[in-house]
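In the numbering used here, the protein residues as written are 732 to 969. Idealized CB from N, CA, C, for every residue including glycine. Just so it is clear, the structure is predicted and the values come from calculations on it, not from any experiment.
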């Protein structure tokens with residue numbers, strides 16, 4: 732029992748520093764998260780090379796790489812397959828696969844080799860009741876200070892929703908830039924939630940319409956931030 736407990740690695744949590752590691756990838760050595768200091772990054776795992784769901788995901792992420800980069804976010808993939816398998820698979824994607832209107836897709840972001848599963852275990856990507864030898868589809872949003880800000884886990888059979896991944900990235904940055912929260916199903920340009928009133932006076936002013944907010948009750952108030960204002964703050968200037 733003691734040996735089993737010693738082998739347990741606690742999964743990282745929201746607000747924790749992203750566990751640091753050095754690894755080989757299809758784009759050379761990666762030092763994570765230090766290589767991405769000052770910008771956002773998304774570290775995501777996939778179960779195996781040469782599998783159809785993973786192929787559809789990598790083609791989609793590669794097609795959207797410029798969009799994420801324009802939002803100051805770098806992509807980093809990982810699986811427990813080896814480097815040569817990674818290279819062969821990515822070449823196959825570019826040379827042979829046509830899917831959902833995408834073809835000749837070149838994956839330029841790094842795909843990390845993790846044969847020993849050391850990184851996958853650090854990040855809780857190996858979920859034994861799902862599969863003990865393959866990583867689940869985990870997604871970690873890491874901020875410019877190297878802090879984990881959000882995590883999403885998917886089972887092996889479920890491909891990720893990339894509109895949602897981008898929405899999460901923009902929502903996190905919007906919260907940081909404007910000191911607000913985002914409601915259910917929020918999309919950029921829709922009303923955001925302002926922090927709850929910190930005093931009776933502020934609550935009273937809001938309910939009486941003395942602040943530029945719309946209140947459903949004293950604790951639940953929203954305001955408008957134009958889409959253009961948000962994107963001007965977040966997106967890179969071209």
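Check your understanding: Looking only at its own chain, which residues have a Cβ that is under 8 Å from the Cβ of residue 887, when we skip the five neighbours before and after it?
Key -> By one-based count along the chain shown, residue 887 stands at place 156. Once the five neighbours on either side are set aside, the close Cβ partners of residue 887 are 778, 784, 861, 862, 865, 867 and 868.
Check your understanding: From residue 723 to residue 946, what distance separates their C-alpha atoms?
Key -> In this structure the chain extends from 732 to 969, so residue 723 is not present and cannot be described.
Exercise for review: May I ask which residues mark the beginning and end of the beta strand (DSSP E) holding residue 801?
Suggested key: For the purposes of this step, residue 801 is identified with residue 70 of the chain shown, where counting begins at 1. No beta strand (DSSP E) holds residue 801; the alpha helix (DSSP H) holding it covers 796 to 801.
Check your understanding: With DSSP run on the structure shown, which of helix, strand or coil describes residue 820?
Key -> The sequence position of residue 820 within the chain shown is 89, counting from 1. Residue 820 falls in the helix class under three-state DSSP.
Exercise for review: Please work out which residues of its chain come closer than 6 Å, Cβ to Cβ, to residue 952, disregarding the five sequence neighbours upstream and downstream, and give them in chain order.
Suggested key: Position 221 of the chain shown, counting from 1, holds the residue named residue 952. Contacts found: 925, 937, 944 and 946.
Check your understanding: In the structure shown, what three-state DSSP assignment does residue 927 receive?
Key -> Residue mapping note: residue 927 aligns to position 196 of the chain shown, counting from 1. Here residue 927 sits in coil by DSSP.
Practice item. Could you spell out the range, first to last residue, of the beta strand (DSSP E) harbouring residue 868? Key: Residue mapping note: residue 868 aligns to position 137 of the chain shown, counting from 1. Residues 868 to 873.
Exercise for review: Could you tell me whether the Cβ atoms of residue 921 and residue 964 are closer together than 7 Å?
Suggested key: Start at 1 with the first residue of the chain shown, and residue 921 comes out as number 190. Start at 1 with the first residue of the chain shown, and residue 964 comes out as number 233. Not a contact, by the Cβ cut-off of 7 Å.
Check your understanding: Does the distance from the CB of residue 757 to the CB of residue 818 come in under 7 Å?
Key -> The residue labelled residue 757 in the question sits at position 26 within the chain shown. The residue labelled residue 818 in the question sits at position 87 within the chain shown. For residue 757 and residue 818, yes; Cβs fall inside 7 Å.
Review point. Alpha carbon to alpha carbon, what distance is there between residue 763 and residue 875?
Key: Here residue 875 refers to the residue found at position 144 of the chain shown. Here residue 763 refers to the residue found at position 32 of the chain shown. When rounded, the distance between both Cα atoms is 12 Å.
Check your understanding: Start and end of the beta strand (DSSP E) containing residue 947?
Key -> Translated into positions along the chain shown, residue 947 becomes position 216. Counting along the chain, the beta strand (DSSP E) containing residue 947 begins and ends at 945 to 948.
Exercise for review: Figure out for me which residue from 788, 794 and 849 has the closest Cα to the Cα of residue 870.
Suggested key: The residue given as residue 870 occupies position 139 in the chain shown. The shortest C-alpha separation from residue 870 is found at 788.
Review point. Cα-Cα, which of 836, 837 and 851 is closest to residue 843?
Key: To locate residue 843, count along the chain shown from 1; it is residue 112. Closest option to residue 843, Cα to Cα, is 851.
Exercise for review: Go through its chain and collect everything with a Cβ distance to residue 905's Cβ below 6 Å, but skip five positions before and after it.
Suggested key: What you label residue 905 is simply residue 174 of the chain shown in a count that begins at 1. The residues are 961.
Check your understanding: Going by DSSP, which residues form a beta bridge with residue 932?
Key -> By 1-based counting over the chain shown, the position of residue 932 is 201. Partner(s): none; residue 932 has no beta bridge.
Practice item. Would you identify the three-state DSSP class for residue 790, choosing helix, strand or coil? Key: In the chain shown, residue 790 corresponds to position 59, counting from 1. Correct three-state label for residue 790: helix.
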